[in-house]
Every structure is written in structure tokens, then in C-alpha cells.
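Participant: Mind the numbering: the sequence shown is residues -29 to -1, 1 to 460 in mature numbering (1 follows the signal peptide of the UniProt record, and there is no 0), read in order.
The C-beta atom is built at its ideal place from N, Cα and C for all residues, glycine as well.
Mind having a look at this structure? Questions to follow.
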Amino acid sequence: MKTISFLNWLLPNVLFLFILIFCFKFVESGETEEITKLTEMNNSVFEFPYSVFDHCMYRPDYQEKSSYSFHFYLKAGYLCDGLLICYPGQLDSKFVRLGVVTSFDYKTENKKDNLAYVMCEQKRKEYCNGNGLKSLCKLAETVEVPWHGFLIWRNDKDKNLTLVTSIYDIIYHIGLEEHIEIKFGENDTDFFVNVIVGEKGNQSLVRFPDPLKDKFLNRSINSIGGLANHSSLWMLGFDIFPKQYNNKLNLFVDRGCKCSMKAWFKRENKISQENQEMLKDWLKITELGNNKCPITKASENYKINGSVNIEIEFNIYINKINGEAKFNIKNEEKGELLIEVFGKTIKYGKNLINGNWSPPEQLNLNENILKKGTTIFIKIKIFNYYCEFNIGNGTKMFTNKFWYNKWWEIKEPKGFEMLEIKGDFFVLNLIKETANEKMDKLNLPHSNRIYNNFMTEGSIVTIKGIVNEMAENFEILLLHDAPEFDENG
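Quick look at the structure:
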């Protein structure tokens, strides 16, 4: 019984038995970066110095013990078709001689139908078919390195970030937060996994119920079928971190072409002010996928749930040097409002709808706002009497309104039912539709066109009239080339 208890104790501590032999030379020399950015457009393979010994002892050049963690950032509401991180599976039975343990009881394998496994295996074959790193591809001439991995995504059906790993068939729904940390070690004493969500100062620890961990640690391994039957999130660190293979941590990272998630690896509890500023600036930049992603066109339909007094918002990411974009808002009678953006032009049109856009119906810009790599913000407002379309790049916003003919006579506005979007872009986030009652308060129109430059700079104008005592406000607008309302609408 004492022997069995010792075996149960061995796994959480086996890392440190190996490092006493292999890590001293590494500890004495060589600097390591506090932060390694994992989502770079030109790089998918990472190899950097690593020593488990740092986790439990102070290094001469650091004031604190190391604390290893993966970090992820995805803006609220933004979508991600998948961020995949693959690594040599230290607990895999094929990882002979170089893995963490040789006993079969402490081995664990990929789940064959698991999505993370299928994707990592596909990427391994693609990458190792050429001149890939030996530490990622070959244990020997005919022995391949087994890849394990984990996958994070957020889709339009489930707003939560979702995590799955290749070594167990459990799907973890993490939450809606923008910042996620997968930390290895509790109080820097072990390698059990904690998932932390939220920004610094407002963090919460996500503890997924894990009866497999408790069952494994509290019972005889010979009576419960080995580690493979108890694999789950709790022991991910034992599978990721190398124990003797040249003290290198090897990762393969693949960000989906419709994913703007940022990921980085951190090896210190505290990071320098310089790195903090670097991270802050980096997270402000929106990037999708990687340089291998093909240029594709978006073509999506969004069903508008409301009818009037609604606001629709979404962001798009331009993926072509000279991008184009089209937005069609349709009603149930096949009427359309058409907005087309190309080059330095925004063109407003209509089809089978009575009304007019505020002039000019074609707006000529000073520059092309649909530049590759630009995030464009779209906001559409639908009210009883008019529709408003807004498009901008964060520094400039362009707005135009479509007025229905004789809008003051409309008693039952019909609204719109469908939004079609097409062009050289990806939709970054969930299309958000909200109620908006803050429409302009409009009274019956009265306007007169002034001809022959009757009013010029320096003219003195006297305006006389009677204001309705029930009026909430009073405005006089002097506009150049404004739409003129008349009895014909």
C-alpha cells in the first residue's frame, strides 16, 4: 500500500526528479523572454528555452520564481473560427525515451475523433512534410513526434469562448470575457491548471468540476486504470512542458483565417513596464489569421428581427489591398436601400422604395477607407420616417440618411427584414441589433429654396414666426443643397 501511495505522489513531482539531472546547465546561462507572442502573421512555429527548474527555484537574474501561463485576448463580441496550439505530447506512449515517464500507467493518448487532435494531426503532416524542426517532427529516422493540442474558438451560435483539448473529450465553455489565462501551477507549487478570466484587478478563477483529478489522486492507480482514464484539464501542464528534450518548449500555432484572437506565452509573475506597454499597443491592433490565408469575399445574410426604431452594429476587417463592400437593406416588398463602397467613393442607391437619400447620393472621399488590414465600423439605424447609414474607420465617420416620401403621413412604418453584406472583408463580430428610441423628433416640414445667392457671407437675416406653445424645441437650419420638401414629397 505504501508503494501505491508513492506512485500516486510521483506524478505531480516527477517533473522535478528529471530536472535535477538535466536543468542545472540551463539555469546557469541564457536569458529567456518574459513574453513570447504566439499569434504573428509570419510565424507559426516557436522554440524557446524552458526549464521546469525555474518553477520552483529562484534564478540569479530574476527576483521571483517563474510562473508559466498562456494568455488569450479576443475583443468582446468578436468571432474566432479557431486558435489551435499543438505541442509534442510528453505523456504520449509514442514519446519514448524523451517523454516524462516510461510506465504505461502514466501515459495518455489523443482521443481519435477529437477536433483538436484531427486538426493537430493534419497540421503536423503538412508542416513535417518539408524541413520542419526536428524537435517537432522526428524522434528518430522513422519515429514521428506525436502532437497533442488544444483549440479555442467563439462562433455566432455560442457567444462563450470554448476550449477543447486533444487528450480528453470534454468541452469547456469559459465565458464572455475578453482576457483568458491558462496558468500552470497553484501558488507556484505544482502544474495543475487554473483558468483565469478578466483583466488585472478584476479577475476570477474558473474552477471546472474535475472529479477525475480527485479520483486519480486519492486512489490506487493500479485499481483505476491508469492516467489515460483520468485525463482532463487538470493535468494539461504535465503533457505540455518538456522534461529533458534539450530544455526547449516547442509549439505550433495556427490562427484561423476568421479569427482575430491574440495569444502569448508568459514566464514571469511580473513583467517589465516596457513589455506591459508593448502588450497594450499590440492588443490595439486587429489582425486576422496569418499570411497563408487566401483572400476571400464575404457573402452573408442577416435577418433583421425588429422592424423600426432599431440599431444594427458590426465591424468588418478588410482583407484586400483595394477592397470593395456592398450593403443591401431589404423590406418584405423587395424594396432595397443600396450602399456601395469602392475606391474613394461611397454610392447610395435605392430600388422599389419611394424616397431619397440626402444629397450627395455619391460621396467622393479624400482617401480609400477600405485599405487592407483596416477595421471598418458599420452602424445602421432604422426609424419610422428615415434610415441612417454610418461607415467609418475609427478616425472618420460618414453618415447619410434616406427619407421616405411624405414621411409625415406614414402611420404604419413597414421597416426592413433582411441585411445582405458582400465584399472583400471578414465580419469580425456578432451582428448586434438593439432597440433605439432616440430618433430625431420631426415636425411637419416647411422649406424654401433661396435663389441667386440671396444670402452670402455677411448678410443680415431676420426670421419671423410663431412657435407652437406645445413645442419641445425650435431649430432653424440653414443648409447648402439640402433636400427640399414639397407637396409631392
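(1) Pull up the DSSP beta-bridge partners for Val135, would you.
(2) Comparing alpha-carbon positions, which option in Ile275, Lys367, Leu336 and Trp378 lies nearest Glu404?
(3) Does the structure place the region 278 to 294 close enough to the region 317 to 335 that three or more beta carbon pairs sit under 8 angstroms?
(4) I'd like to know if the region 231 to 240 and the region 49 to 67 are in contact, where contact means that at least 3 CB-CB pairs between them fall below 8 angstroms.
(5) Evaluate contact between the region 252 to 261 and the region 324 to 332, counting only Cβ atoms and requiring at least three cross-stretch pairs below 8 angstroms.
(6) Return the chain-ordered list of same chain residues with a C-beta closer than 6 angstroms to the C-beta of Lys372, the five sequence neighbours on each side being excluded.
(7) Which of the three DSSP states is assigned to Met232 in this structure?
(8) What are the boundary residues of the alpha helix (DSSP H) that Cys57 is part of?
(9) For Ser38 and Phe19, I'd like the C-alpha separation in whole angstroms.
(10) Evaluate Gln61 with the Cβ neighbour count: other Cβ atoms within 10 Å of its Cβ, from every protein chain shown; 16 or more gives buried, anything less gives exposed.
(11) Where does Tyr88 sit, in a helix, a strand or coil, going by DSSP?
(12) Would you mind giving the Cβ-Cβ distance between Glu285 and Ile402, rounded to the nearest angstrom? I have them listed as a contact below 8 angstroms.
(13) With a 10 Å radius around its C-beta and 16 neighbouring C-beta atoms as the bar for buried, classify Gly120 as buried or exposed.
(14) Let me know the secondary structure DSSP gives Glu248 once reduced to three states.
(15) Could you round the C-beta distance between Ile6 and Asn246 to whole angstroms and report it? I think they count as a contact, below 8 angstroms.
(16) Cα separation between Asn14 and Tyr139?
(17) Helix or strand or just coil, what does DSSP make of Tyr319?
(18) Glu303 to Phe387, Cα distance in whole Å?
(19) Starting from the N-terminal side, write out each stretch of the beta strand (DSSP E) that is 3 residues or longer and does not extend beyond the region 352 to 411.
(20) Can you pull the DSSP bridge partners for Glu284?
(21) Between the Cα of Thr113 and the Cα atoms of Lys65, Ala47, Arg238 and Arg226, which residue gives the shortest distance?
(22) Check Leu254 in the structure and name its three-state DSSP category.
(23) Would you list the one or two residues that DSSP bridges to Asp225?
(24) Roughly how many angstroms lie between the CA atoms of Gly115 and Phe17, to the nearest whole one?
(25) Under three-state DSSP, which class holds Leu204?
(26) Out of Phe348, Gly208, Val279 and Leu204, point me to the one whose CA is closest to Ile289's CA.
(27) Quick one, which of Phe397, Lys297 and Asn376 has its alpha-carbon nearest Glu311's?
(28) Under a CB-based cut-off of 8 angstroms, is Lys350 close to chain D?
(29) Less than 8 angstroms separating the beta-carbons of Phe41 and Ile167?
(30) Look up Ser38 in the DSSP assignment and say whether it is helix, strand or coil.
(31) Return the first residue and the last residue of the alpha helix (DSSP H) that Ser270 is part of.
(32) Excluding the five sequence neighbours on either side, which residues of its own chain have a C-beta within less than 7 angstroms of the C-beta of Asp127, listed in chain order?
(33) Would you mind stating whether Ala269 and Val89 have Cβ atoms separated by less than 8 angstroms?
(34) Please classify Met441 as buried or exposed, where buried requires at least 16 other C-beta atoms within 10 Å of its C-beta.
(35) Taking C-beta to C-beta, are Arg226 and Thr10 nearer than 8 angstroms?
(36) Which of the three DSSP states, helix, strand or coil, is assigned to Glu311?
Facilitator: Let me spell this out:
(1) Leu122
(2) Ile275
(3) no
(4) yes
(5) no
(6) Ser329, Tyr357 and Glu359
(7) coil
(8) Looking at the DSSP string, Cys57 is not in any alpha helix (DSSP H); the run it does join, the beta strand (DSSP E), is Cys51 to Pro59.
(9) 15 angstroms
(10) Looking at its Cβ environment, which holds 16 or more other Cβ atoms inside 10 Å, Gln61 is buried.
(11) helix
(12) Checking the sequence, you will find Phe at residue 285 rather than Glu. The pair is a contact, with the Cβ atoms about 4 angstroms apart (cut-off 8 angstroms).
(13) buried
(14) helix
(15) 5 angstroms
(16) 28 angstroms
(17) strand
(18) 7 angstroms
(19) 357 to 363, 368 to 375, 389 to 394, 396 to 398 and 403 to 406
(20) Lys350 and Lys403
(21) Lys65
(22) helix
(23) DSSP lists Leu55 as the beta-bridge partner residues of Asp225.
(24) For the record, residue 115 in the displayed sequence is Glu; it is not Gly. The alpha-carbon atoms of Glu115 and Phe17 are separated by roughly 18 angstroms.
(25) helix
(26) Phe348
(27) If you compare the alpha carbons of Phe397, Lys297 and Asn376 with that of Glu311, the shortest gap goes to Lys297.
(28) Of the protein chains in the structure, only one exists, and it is not chain D.
(29) no
(30) strand
(31) From DSSP, Ser270 is part of no alpha helix (DSSP H) but of the beta strand (DSSP E) over Ala269 to Lys274.
(32) Only Leu50 and Leu401 meet the Cβ criterion.
(33) No, they are not a contact pair.
(34) exposed
(35) yes
(36) DSSP places Glu311 in strand when its eight states are reduced to three.
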